[in-house]
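Protein chains: 4
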Amino acid sequence: MKQYRLVSRENKGKNTIIQVNGVNIGEEKIIIAGPCAVESEQQMDTVASFLKDNKVNILRGGAYKPRTSPYAFQGLKEEGLIILNKIGKKYNMPIVSEAVSLASLELVANYCDMIQIGARNMTNYELLKALGNYKKPILLKRGMAATIEEFLTAAEYIITSGNENVVLCERGIRTFETYTRNTLDLTCVAIIKELSHLPIIADPSHGTGRWELVKPMAKASLACGADGIMIEVHPDPYKALSDGEQSLNFTSFKTLMEEINPLLK
Amino acid sequence: MKQYRLVSRENKGKNTIIQVNGVNIGEEKIIIAGPCAVESEQQMDTVASFLKDNKVNILRGGAYKPRTSPYAFQGLKEEGLIILNKIGKKYNMPIVSEAVSLASLELVANYCDMIQIGARNMTNYELLKALGNYKKPILLKRGMAATIEEFLTAAEYIITSGNENVVLCERGIRTFETYTRNTLDLTCVAIIKELSHLPIIADPSHGTGRWELVKPMAKASLACGADGIMIEVHPDPYKALSDGEQSLNFTSFKTLMEEINPLLK
Amino acid sequence: MKQYRLVSRENKGKNTIIQVNGVNIGEEKIIIAGPCAVESEQQMDTVASFLKDNKVNILRGGAYKPRTSPYAFQGLKEEGLIILNKIGKKYNMPIVSEAVSLASLELVANYCDMIQIGARNMTNYELLKALGNYKKPILLKRGMAATIEEFLTAAEYIITSGNENVVLCERGIRTFETYTRNTLDLTCVAIIKELSHLPIIADPSHGTGRWELVKPMAKASLACGADGIMIEVHPDPYKALSDGEQSLNFTSFKTLMEEINPLLK
Amino acid sequence: MKQYRLVSRENKGKNTIIQVNGVNIGEEKIIIAGPCAVESEQQMDTVASFLKDNKVNILRGGAYKPRTSPYAFQGLKEEGLIILNKIGKKYNMPIVSEAVSLASLELVANYCDMIQIGARNMTNYELLKALGNYKKPILLKRGMAATIEEFLTAAEYIITSGNENVVLCERGIRTFETYTRNTLDLTCVAIIKELSHLPIIADPSHGTGRWELVKPMAKASLACGADGIMIEVHPDPYKALSDGEQSLNFTSFKTLMEEINPLLK
Numbered sequence: 001m002k003q004y005r006l007v008s009r010e011n012k013g014k015n016t017i018i019q020v021n022g023v024n025i026g027e028e029k030i031i032i033a034g035p036c037a038v039e040s041e042q043q044m045d046t047v048a049s050f051l052k053d054n055k056v057n058i059l060r061g062g063a064y065k066p067r068t069s070p071y072a073f074q075g076l077k078e079e080g081l082i083i084l085n086k087i088g089k090k091y092n093m094p095i096v097s098e099a100v101s102l103a104s105l106e107l108v109a110n111y112c113d114m115i116q117i118g119a120r121n122m123t124n125y126e127l128l129k130a131l132g133n134y135k136k137p138i139l140l141k142r143g144m145a146a147t148i149e150e151f152l153t154a155a156e157y158i159i160t161s162g163n164e165n166v167v168l169c170e171r172g173i174r175t176f177e178t179y180t181r182n183t184l185d186l187t188c189v190a191i192i193k194e195l196s197h198l199p200i201i202a203d204p205s206h207g208t209g210r211w212e213l214v215k216p217m218a219k220a221s222l223a224c225g226a227d228g229i230m231i232e233v234h235p236d237p238y239k240a241l242s243d244g245e246q247s248l249n250f251t252s253f254k255t256l257m258e259e260i261n262p263l264l265k
Numbered sequence: 001m002k003q004y005r006l007v008s009r010e011n012k013g014k015n016t017i018i019q020v021n022g023v024n025i026g027e028e029k030i031i032i033a034g035p036c037a038v039e040s041e042q043q044m045d046t047v048a049s050f051l052k053d054n055k056v057n058i059l060r061g062g063a064y065k066p067r068t069s070p071y072a073f074q075g076l077k078e079e080g081l082i083i084l085n086k087i088g089k090k091y092n093m094p095i096v097s098e099a100v101s102l103a104s105l106e107l108v109a110n111y112c113d114m115i116q117i118g119a120r121n122m123t124n125y126e127l128l129k130a131l132g133n134y135k136k137p138i139l140l141k142r143g144m145a146a147t148i149e150e151f152l153t154a155a156e157y158i159i160t161s162g163n164e165n166v167v168l169c170e171r172g173i174r175t176f177e178t179y180t181r182n183t184l185d186l187t188c189v190a191i192i193k194e195l196s197h198l199p200i201i202a203d204p205s206h207g208t209g210r211w212e213l214v215k216p217m218a219k220a221s222l223a224c225g226a227d228g229i230m231i232e233v234h235p236d237p238y239k240a241l242s243d244g245e246q247s248l249n250f251t252s253f254k255t256l257m258e259e260i261n262p263l264l265k
Numbered sequence: 001m002k003q004y005r006l007v008s009r010e011n012k013g014k015n016t017i018i019q020v021n022g023v024n025i026g027e028e029k030i031i032i033a034g035p036c037a038v039e040s041e042q043q044m045d046t047v048a049s050f051l052k053d054n055k056v057n058i059l060r061g062g063a064y065k066p067r068t069s070p071y072a073f074q075g076l077k078e079e080g081l082i083i084l085n086k087i088g089k090k091y092n093m094p095i096v097s098e099a100v101s102l103a104s105l106e107l108v109a110n111y112c113d114m115i116q117i118g119a120r121n122m123t124n125y126e127l128l129k130a131l132g133n134y135k136k137p138i139l140l141k142r143g144m145a146a147t148i149e150e151f152l153t154a155a156e157y158i159i160t161s162g163n164e165n166v167v168l169c170e171r172g173i174r175t176f177e178t179y180t181r182n183t184l185d186l187t188c189v190a191i192i193k194e195l196s197h198l199p200i201i202a203d204p205s206h207g208t209g210r211w212e213l214v215k216p217m218a219k220a221s222l223a224c225g226a227d228g229i230m231i232e233v234h235p236d237p238y239k240a241l242s243d244g245e246q247s248l249n250f251t252s253f254k255t256l257m258e259e260i261n262p263l264l265k
Numbered sequence: 001m002k003q004y005r006l007v008s009r010e011n012k013g014k015n016t017i018i019q020v021n022g023v024n025i026g027e028e029k030i031i032i033a034g035p036c037a038v039e040s041e042q043q044m045d046t047v048a049s050f051l052k053d054n055k056v057n058i059l060r061g062g063a064y065k066p067r068t069s070p071y072a073f074q075g076l077k078e079e080g081l082i083i084l085n086k087i088g089k090k091y092n093m094p095i096v097s098e099a100v101s102l103a104s105l106e107l108v109a110n111y112c113d114m115i116q117i118g119a120r121n122m123t124n125y126e127l128l129k130a131l132g133n134y135k136k137p138i139l140l141k142r143g144m145a146a147t148i149e150e151f152l153t154a155a156e157y158i159i160t161s162g163n164e165n166v167v168l169c170e171r172g173i174r175t176f177e178t179y180t181r182n183t184l185d186l187t188c189v190a191i192i193k194e195l196s197h198l199p200i201i202a203d204p205s206h207g208t209g210r211w212e213l214v215k216p217m218a219k220a221s222l223a224c225g226a227d228g229i230m231i232e233v234h235p236d237p238y239k240a241l242s243d244g245e246q247s248l249n250f251t252s253f254k255t256l257m258e259e260i261n262p263l264l265k
């Protein structure tokens with residue numbers, strides 16, 4: 001039996017465009033940016049003010065953090081979503097945040113413009129099936145050990161559940177290389193562009209795990225056809241409660257935006 | 001911050017023994033067997049009758065199947081659990097089945113003696129945290145891209161949630177080798193025996209994906225220290241609704257049990 | 001003990017520029033192109049004539065082919081080098097070809113302007129040590145399972161043997177993904193640029209194994225900082241004696257060159 | 001075109017038995033043991049005296065060491081082979097050592113009873129082809145990124161070159177797991193037993209990289225059908241010039257031999 005149908009180019013030749021509050025993913029090249037985790041209203045206000053001035057399309061911030069260790073910071077939960085929602089409205093930016101369960105999905109769908117499903121939940125098929133109950137667009141990240149076929153089939157689960165608004169996100173896979181946190185598989189972007197009509201963006205922050213590699217890999221992502229990039233930005237990466245080592249500070253992000261400008265057209 | 005504490009040998013030197021209705025995992029070497037999926041009462045009755053006669057300790061059967069494709073058989077759900085429960089009682093065998101969400105967890109906990117968390121949900125931390133609400137023992141399978149440290153830390157999530165009865169299960173990891181479905185990482189068994197006091201079993205059926213490799217790898221699993229093995233058995237593997245190519249038929253299973261006998265002591 | 005010294009930025013901050021008969025690798029972005037294997041004088045004449053007109057800097061062609069199977073075409077050997085040398089002179093293009101042993105090294109060094117060491121021989125340290133006997137520049141490809149540290153350390157072997165003219169080449173690593181022949185690890189390019197003063201190019205032909213992915217990945221390679229790309233081109237890929245499925249025909253190569261033009265500056 | 005023929009069971013159904021000076025590999029289960037590197041005559045004398053008393057069949061010791069770094073100990077070369085040869089004669093043990101080039105191959109073939117081709121040279125096809133010039137049996141180790149098909153095809157190179165005496169050796173592959181140096185892929189042993197008539201042994205020392213894991217993995221190797229094991233033993237692992245962390249001392253080796261005894265039959 002065929003693994004996927006609805007997501008394939010055979011089923012629909014024309015690129016799908018996903019609308020997120022006025023941002024058309026798949027039409028224009030878009031930038032999603034923000035901190036790994038929402039830490040406080042002040043932090044989000046500082047970040048959003050900066051990102052708004054720097055042409056970022058969508059603001060990100062995690063309220064539910066699926067951390068490897070139970071002893072690590074798990075996120076501000078609903079309080080984080082309330083902050084994110086308030087800041088998104090203040091700066092007129094659409095917001096995206098991750099859902100990690102049916103309960104958090106309900107809340108994320110209420111407060112946010114786009115629902116993220118993280119790499120660790122790409123094969124949480126019960127969560128994927130529940131997305132059909134919501135009309136908000138989905139940002140689906142590739143699992144750490146997911147083949148491209150499994151990645152597309154996870155998207156198929158969402159579409160068959162009744163939600164057609166899926167944006168894919170390449171964020172690195174597990175390999176033997178240890179210099180980077182993951183191996184960003186940019187060929188996946190070029191392949192998905194061939195096999196599927198869905199938009200795909202890349203996340204060089206998680207894909208490399210090192211802030212100094214984010215700029216070159218953001219350029220490579222756009223050059224090979226990604227519809228956008230997702231970048232972790234923090235006012236003070238050394239003090240970040242999670243993923244500080246892969247977050248850009250404001251200066252680095254400004255430089256990134258200048259240098260990728262020719263690739264956004 | 002340290003990733004895990006409670007599961008470590010530093011925390012508890014003596015091997016933990018997990019009781020599943022009279023079966024003491026970690027004390028005696030145990031066999032869990034049964035079909036990948038519960039398909040019908042007749043199928044389960046046939047299998048259980050055979051397995052009971054062949055010294056199997058615990059009967060398995062999936063009612064909720066996390067399948068790669070939404071078009072593949074998804075399991076009989078509660079109906080499957082009812083069948084499994086009835087057959088378990090008839091043959092006086094403890095039963096184990098997989099939970100894939102909070103809703104299915106409630107049902108699996110009601111009908112079964114042991115709750116399985118599958119590889120695809122090892123990083124579904126919200127599901128792991130919910131296990132503290134139940135007293136039933138847990139069978140936690142290693143994720144396909146999970147390092148040994150992440151595997152132990154997933155067990156730590158369960159223990160910190162309030163359920164100390166965790167049995168680990170090595171079931172193969174993703175590598176470049178394509179001859180097998182996964183690469184059974186038996187060294188993981190030996191390492192876990194060093195690092196942790198929790199019992200660990202191996203699943204050579206999923207670990208290889210090919211029935212003809214199950215016997216040698218079952219022997220290897222026991223030889224390197226596994227506390228037991230989990231084997232897929234089906235009355236007619238060619239007609240199985242899932243995973244037929246890795247299921248043993250009755251004849252092969254009988255031979256397996258004879259040949260592993262010296263390693264069970 | 002430190003694994004590598006001479007190749008590191010600590011040892012030499014300024015980028016090394018490798019001269020190959022008037023082509024300055026590390027200064028200008030360069031294109032190496034040609035067929036996987038030299039098959040005949042006519043084939044090479046047709047290809048070189050086309051590539052010369054399309055601004056290719058260096059002509060490639062294998063005479064010694066390290067094939068997985070002993071029954072596959074093993075190359076024309078010295079006859080192939082003689083053809084390559086003749087055609088290189090006719091079109092005034094520097095040529096590069098692979099050496100696979102001390103004997104073939106002697107011949108490749110005699111006939112060619114640059115000596116390639118392939119992925120399968122990156123850990124053939126005796127071959128690496130022999131390179132110090134020649135002054136010709138070396139093109140060292142990354143091994144299929146080589147970490148970035150091991151890749152740099154292989155270059156260190158060459159430099160300590162007495163040959164400082166090493167150009168590195170990322171060509172994909174082995175991962176669980178099977179859609180592509182290898183996983184092109186472009187982050188390696190960005191990392192090498194940080195850690196080492198040596199130039200590095202990328203090979204999207206071997207890196208993907210599929211001609212239709214060569215163009216997007218060539219762009220990504222240049223965008224993330226590669227000093228050039230190596231592309232397999234064949235007059236008639238369907239008739240190629242090796243690697244036809246990853247070779248571009250002339251039409252596709254022309255399009256590639258047009259589209260990467262902005263990234264060559 | 002088919003990748004391999006001569007090594008396959010289709011070509012020859014009966015197990016091949018390789019004779020190494022009175023040791024019949026493929027008939028009896030054999031033990032190869034010794035230090036990673038020959039360091040001195042005294043070291044080898046001490047080791048061989050101990051191993052001879054403990055029923056080891058074949059003595060190993062590296063004279064040519066293919067080390068990742070050019071700054072690491074590279075072996076005693078011919079001097080090492082002379083020592084190994086002398087000690088082998090003194091204790092009446094067949095000896096095996098690694099060849100890394102045509103020059104060292106000539107010497108290893110002269111001094112030793114069996115020629116080892118290491119993992120780093122499994123795809124050095126020119127070295128493989130040269131083995132046909134010698135009648136000594138070959139011990140071929142699996143490459144770190146070699147699929148089982150590529151492993152068998154490397155053996156096919158040796159046989160087509162004219163040397164039919166090939167013993168295979170599983171020694172671990174590269175995966176994302178970092179707790180061990182390599183991931184010992186024991187399923188490879190069971191698969192080779194199905195696909196090929198050649199004997200295969202396992203190397204749990206390199207396969208794990210940690211001495212404390214050698215014993216359980218040696219047992220597992222024998223349990224799944226390996227025709228023998230290869231173990232690194234050193235009189236004082238803390239002072240070993242290479243691979244000390246994976247070498248057993250005499251006490252541990254004695255225990256290993258006692259515990260694997262039931263599996264040798």
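Chains as they are written, first to last, in the UniProt record's numbering: chain A, 1 to 265; chain B, 1 to 265; chain C, 1 to 265; chain D, 1 to 265.
All C-beta atoms, glycine included, are put in the ideal place defined by N, C-alpha and C.
These figures come from a predicted structure and were not determined experimentally.
Buried versus exposed call for Ser97(D) [16 or more other C-beta atoms within 10 Å across all chains shown]: buried
Three-state secondary structure assigned by DSSP to Ser161(D): helix
Could you tell me whether the segment 199 to 211 of chain A touches the segment 198 to 217 of chain D, where touching means 3 or more Cβ pairs closer than 8 Å? no
Under 9 Å, CB to CB, which of the residues in the segment 64 to 92 of chain D have a partner in chain A? none
Against chain G, which members of the segment 116 to 130 of chain B pass a CB distance test of less than 7 Å? Of the protein chains in this structure, namely A, B, C and D, none is chain G.
When the Cα of Ile17(C) is compared with those of Ser196(C), Met257(C), Leu256(C), which residue comes out closest? Ser196(C)
Pull up the CB-CB distance for Leu222(C) and Gly207(C), whole angstroms please, since I reckon it's below 8 Å. Contact doesn't hold; Cβ gap of about 13 Å is too wide.
So the candidates are Leu213(C), Leu264(C), Thr147(C); which of them puts its Cα closest to the Cα of Phe176(D)? Thr147(C)
If you measure between the beta carbons of Met144(C) and Ala109(C), is that distance less than 8 Å? no
From Gly80(A) to Asn124(B), what distance separates their C-alpha atoms? 20 Å
Quick check on DSSP: helix, strand or coil for Ala99(A)? coil
Where does Ile17(B) sit, in a helix, a strand or coil, going by DSSP? coil
For the alpha helix (DSSP H) that Gly61(B) lies in, which residues bound it at each end? Note, Gly61(B): premise wrong, no alpha helix (DSSP H); not H, not E.
Check the Cβ of Gly225(B) against every Cβ in chain D and list those closer than 7 Å, keeping chain order. Pro216
Separation of Ser69(B) from Ala37(A), as counted between CA atoms: 32 Å
In this structure, does DSSP put Asn133(A) in helix, strand or coil? helix
If you check the beta carbons only, do Ile158(D) and Ile31(D) fall under 8 Å apart? no
Tell me whether the beta-carbon of Glu126(A) lies closer than 8 Å to the beta-carbon of Val167(B). no
Contacting residues, own chain, Cβ-Cβ under 6 Å from Tyr111(B) (five flanking each side not counted): Leu81, Asn85
Whole beta strand (DSSP E) elements within the segment 176 to 248 of chain C, 3-residue minimum: 200 to 202, 228 to 232
Relative to the alpha-carbon of Ile231(A), which residue among Met257(A), Leu107(A), Gly225(A), Lys239(A) has its alpha-carbon at the smallest distance? Met257(A)
CB-CB length for Ile58(D) against Pro94(D), believed under 8 Å: 5 Å
Please decide whether Arg142(A) counts as near chain D, where near means a Cβ-Cβ distance under 8 Å. no
Please classify Pro262(A) as buried or exposed, where buried requires at least 16 neighbouring CB atoms within 10 angstroms. exposed
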